[in-house]
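Student:
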Amino acid sequence: MHSSPRYKQNFGQSLVLKLFVSATFWLFIGTNATSAPAKTPPAEFPVNPLEIKTSDPLLTSPTPTPEEQKNLSVALDELNIQAQAKLSAGDKLGAFETWNRELRLRRVLGFLSETQALGRVGAIAWTENEPYQVQVITQRLEAISQQQKSSNDLQLLTALASAFEQVRVPKSALTVYNQILAIQQQQDTVAAEETLQTIAELHLSWFDYPQAVASYNQLLTLAKAKSDRPRELEYLQQLAYIYDRSKQRQQAVDTKQQLLVIYQQEKLLTEIPALYLEIATDYEVLGQLEQAFVNYQQAYTSAWTLQQFFQAGDALRKLIALYISQGQIDEALQTSRILLQADDQAVNVYGMMNTYDQIGQINLKKGDYPKALEAFQNGLDLAKQLQYQEDYFTQQIALVDKQIPK
Numbered sequence: 002m003h004s005s006p007r008y009k010q011n012f013g014q015s016l017v018l019k020l021f022v023s024a025t026f027w028l029f030i031g032t033n034a035t036s037a038p039a040k041t042p043p044a045e046f047p048v049n050p051l052e053i054k055t056s057d058p059l060l061t062s063p064t065p066t067p068e069e070q071k072n073l074s075v076a077l078d079e080l081n082i083q084a085q086a087k088l089s090a091g092d093k094l095g096a097f098e099t100w101n102r103e104l105r106l107r108r109v110l111g112f113l114s115e116t117q118a119l120g121r122v123g124a125i126a127w128t129e130n131e132p133y134q135v136q137v138i139t140q141r142l143e144a145i146s147q148q149q150k151s152s153n154d155l156q157l158l159t160a161l162a163s164a165f166e167q168v169r170v171p172k173s174a175l176t177v178y179n180q181i182l183a184i185q186q187q188q189d190t191v192a193a194e195e196t197l198q199t200i201a202e203l204h205l206s207w208f209d210y211p212q213a214v215a216s217y218n219q220l221l222t223l224a225k226a227k228s229d230r231p232r233e234l235e236y237l238q239q240l241a242y243i244y245d246r247s248k249q250r251q252q253a254v255d256t257k258q259q260l261l262v263i264y265q266q267e268k269l270l271t272e273i274p275a276l277y278l279e280i281a282t283d284y285e286v287l288g289q290l291e292q293a294f295v296n297y298q299q300a301y302t303s304a305w306t307l308q309q310f311f312q313a314g315d316a317l318r319k320l321i322a323l324y325i326s327q328g329q330i331d332e333a334l335q336t337s338r339i340l341l342q343a344d345d346q347a348v349n350v351y352g353m354m355n356t357y358d359q360i361g362q363i364n365l366k367k368g369d370y371p372k373a374l375e376a377f378q379n380g381l382d383l384a385k386q387l388q389y390q391e392d393y394f395t396q397q398i399a400l401v402d403k404q405i406p407k
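Per this note's numbering, the sequence shown starts with residue 2, numbered consecutively.
#1: Near residue 165, what residues of its chain come up, given a Cβ to Cβ distance below 7 angstroms and the 5 sequence neighbours on each side ignored?
#2: Contact check, residue 340 vs residue 318 under 8 angstroms by CB: the rounded distance?
#3: Between the stretch 363–377 and the stretch 327–347, do three or more beta carbon pairs fall short of 8 angstroms?
#4: Would DSSP call residue 31 helix, strand or coil?
#5: Compute the beta-carbon to beta-carbon distance between residue 126 and residue 145, rounded to the nearest angstrom, for a pair I have assumed lies under 8 angstroms.
#6: With a CB to CB cut of under 7 angstroms and the five nearest residues on each side skipped, what residues in its chain are close to residue 77?
#7: Kindly provide the ranges of any alpha helix (DSSP H) runs that are 4 or more residues long and lie completely inside the stretch 322–369, ordered along the chain.
#8: Would you tell me roughly how many angstroms separate the C-alpha atoms of residue 232 and residue 114, rounded to the nearest one?
#9: Using the Cα positions of residue 237 and residue 246, report the straight-line distance between them to the nearest angstrom.
#10: Going by alpha carbons, who is nearest to residue 88 out of 327, 387, 311, 129?
#11: Which residues mark the beginning and the end of the alpha helix (DSSP H) in which residue 245 is found?
#12: For residue 372, which residues in the same chain have their Cβ closer than 7 angstroms to its Cβ, ignoring the five residues on either side in sequence?
#13: Can you find the residues in the same chain that come closer than 7 angstroms, C-beta to C-beta, to residue 352, ignoring five residues on each side of it along the sequence?
#14: Once you ignore the five residues that flank residue 393 on each side, which residues in its own chain have a CB closer than 7 angstroms to its CB?
#15: Here's the rule: buried if 16 or more other CB atoms are within 10 angstroms of the residue's CB, otherwise exposed. What is residue 171?
#16: By how many angstroms is the C-alpha of residue 227 removed from the C-alpha of residue 218?
#17: What three-state label does DSSP hand residue 90 in the structure shown?
#18: State the DSSP-derived secondary structure class of residue 170, mapped to helix, strand or coil.
#19: How about the stretch 196–210 and the stretch 146–158: do they share at least three Cβ pairs that are nearer than 8 angstroms?
#20: Which value, in whole angstroms, describes the spacing of the CA atoms of residue 123 and residue 135?
#21: Please name the residue in 296, 224, 185 whose C-alpha comes closest to that of residue 257.
#22: Roughly how many whole angstroms lie between the Cα atoms of residue 338 and residue 299?
#23: Alpha carbon to alpha carbon, what distance is there between residue 294 and residue 323?
#24: Restricting to Cα atoms, I'd like to know which of 205, 292, 281 is closest to residue 316.
#25: So what's residue 137 in DSSP terms, helix, strand or just coil?
#26: When you compare each of 180, 375, 67, 140 to residue 109 by their alpha carbons, which one comes out closest?
#27: For residue 265, count neighbouring C-beta atoms within 10 Å of its own C-beta (all shown protein chains included) and say buried if the count is 16 or more, exposed if not.
#28: Which value, in whole angstroms, describes the spacing of the CA atoms of residue 269 and residue 263?
#29: Give me, in chain order, the residues of the same chain whose beta-carbon lies closer than 6 angstroms to that of residue 63; leave out the 5 immediate sequence neighbours on both sides.
#30: Roughly how many whole angstroms lie between the Cα atoms of residue 112 and residue 267?
#31: For the candidate residues 206, 244, 209, 191, whose alpha-carbon lies nearest to that of residue 220?
#32: Based on Cα-Cα distance, which residue from 260, 57, 274, 71 lies nearest to residue 311?
#33: Identify which residue in 52, 374, 241 has its Cα closest to the Cα of residue 140.
#34: Name the residue from 180, 169, 168 whose alpha carbon lies nearest to the alpha carbon of residue 156.
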């Protein structure tokens, strides 16, 4: 089961000259204005380093033979190694000069080799805070993408989408992934589902919740159609996570209710108490207090049955707080006594101390000073064990003691 998905944010521009409109990218390079002019290239890159047309000794012919291409590929791999060594030695300028030379020559070996290298170097440029280098690499990727709009070359398109991810241009990556998806849907449903998963994860990691929901709902429909229970469970968990993050409480409840049914059917009993607790919290926020009470009670009873006493304590604390908010003081006191038992079973001394404090405060409001005093004294005993808040309980005992007739 997946509890945590992979994360990015769905903004970025598909057009070359609008790359820096992406808010995250502008923050990364220290600029805010989305309409600002293109960043002036640094002095070391007076022209686009990928468009330099001077001859290179490694390229013996503009149309190399297969054997010459093989030799050139080996030489370019060596350039990559040299660039890495320069970067490690602190020569960043020299490193990117070498990488740019490699990238220029990679064009001779075809789009696939060039695209893979662009993504690799682009990722390094991003990490090294080289925005202009990222810009020119992205510009070249966009040019390749335009030329491949009608392509059915899945290997190249996959490399292109991955490269756009490496330079943090999710919108362009998604455009290519959707192109891949359209091809796969006619050829390979398994591969299409994997691509749709990638699209969903990319939307989610860039916090585009509406698009992520749409993609995961498509995946959920596919899983249900195939009676693929593990995938159905995974997609429901992702949807519940998204609804939680986007504060869509009613959708969260509806999704978690579906999860609850699967947990019960598949005997995933240990997952049930926490899910009941989440559902109860959602209902409380929605103002549906009757449903909140029911689900807090379910969370407590299911956790107690499984001897998940910490979990049971969490549910009981929520239930007590809800009782108090509704003025149901007697119910709150009764539930507090059950909470003491749960904390005792969980060996949660700190929790018991706080519960005694709560019982004392409730009895104070009721005017039942002897019971309040008893609760604070029990709390003090535990505070001494913990060597924590002893003064607080001593003060509470002194205050209550003054209220009791002598």
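For each residue, glycine too, the CB sits at the ideal point set by N, CA and C.
Tutor: Checking against the coordinates, here is how it stands:
#1: In its chain, beyond the 5 residues on either side, 142, 173, 174, 177 have a beta carbon closer than 7 angstroms to the beta carbon of residue 165.
#2: Indeed they touch by this definition, with Cβ atoms about 7 angstroms apart.
#3: The answer is yes - the stretch 327–347 touches the stretch 363–377, with three or more Cβ pairs under 8 angstroms.
#4: At residue 31 the pLDDT is 38, less than 50, meaning the model places this residue with poor confidence and gives no usable figure here.
#5: In fact, because the Cβ distance is near 17 angstroms, the residues do not count as touching under 8 angstroms.
#6: The residues are 103, 106, 107.
#7: Here the runs fully enclosed are 330–346, 350–367.
#8: Taking the straight line joining both Cα atoms gives about 35 angstroms.
#9: The alpha-carbon atoms of residue 237 and residue 246 are separated by roughly 14 angstroms.
#10: The shortest Cα separation from residue 88 among 327, 387, 311, 129 belongs to 129.
#11: Here the alpha helix (DSSP H) through residue 245 covers 230–246.
#12: Its chain contains 364 as the residues whose beta carbon lies nearer than 7 angstroms to that of residue 372, once the 5 sequence neighbours on both sides are disregarded; these appear in chain order.
#13: Counting only Cβ-Cβ distances below 7 angstroms, and skipping sequence neighbours, we find 314, 344.
#14: None.
#15: Buried is the call here.
#16: So the alpha carbons of these two residues sit roughly 14 angstroms apart.
#17: In the structure shown, residue 90 sits in coil (DSSP, three-state: anything other than H, G, I, E or B).
#18: DSSP, read as helix, strand or coil, puts residue 170 in coil.
#19: Contact between the stretch 196–210 and the stretch 146–158 is absent, because fewer than three Cβ pairs lie under 8 angstroms.
#20: Spanning the two alpha carbons is a distance of roughly 6 angstroms.
#21: Per the Cα distances, 296.
#22: When rounded, the distance between both Cα atoms is 18 angstroms.
#23: Between residue 323 and residue 294, the C-alpha separation is close to 8 angstroms.
#24: When C-alpha distances from residue 316 are compared across 205, 292, 281, the shortest belongs to 281.
#25: Looking at residue 137 - three-state DSSP - the assignment turns out to be helix.
#26: It is 67 whose Cα lies nearest to the Cα of residue 109.
#27: Its Cβ having fewer than 16 others within 10 Å, residue 265 is exposed.
#28: Roughly 8 angstroms between the two C-alpha positions.
#29: Residues of the same chain with a CB within less than 6 angstroms of the CB of residue 63, apart from the 5 flanking positions on each side, do not exist.
#30: Spanning the two alpha carbons is a distance of roughly 48 angstroms.
#31: Cα-wise, what sits closest to residue 220 is 191.
#32: Ranking 260, 57, 274, 71 by Cα distance to residue 311 puts 274 first.
#33: Per the Cα distances, 52.
#34: Closest option to residue 156, Cα to Cα, is 180.
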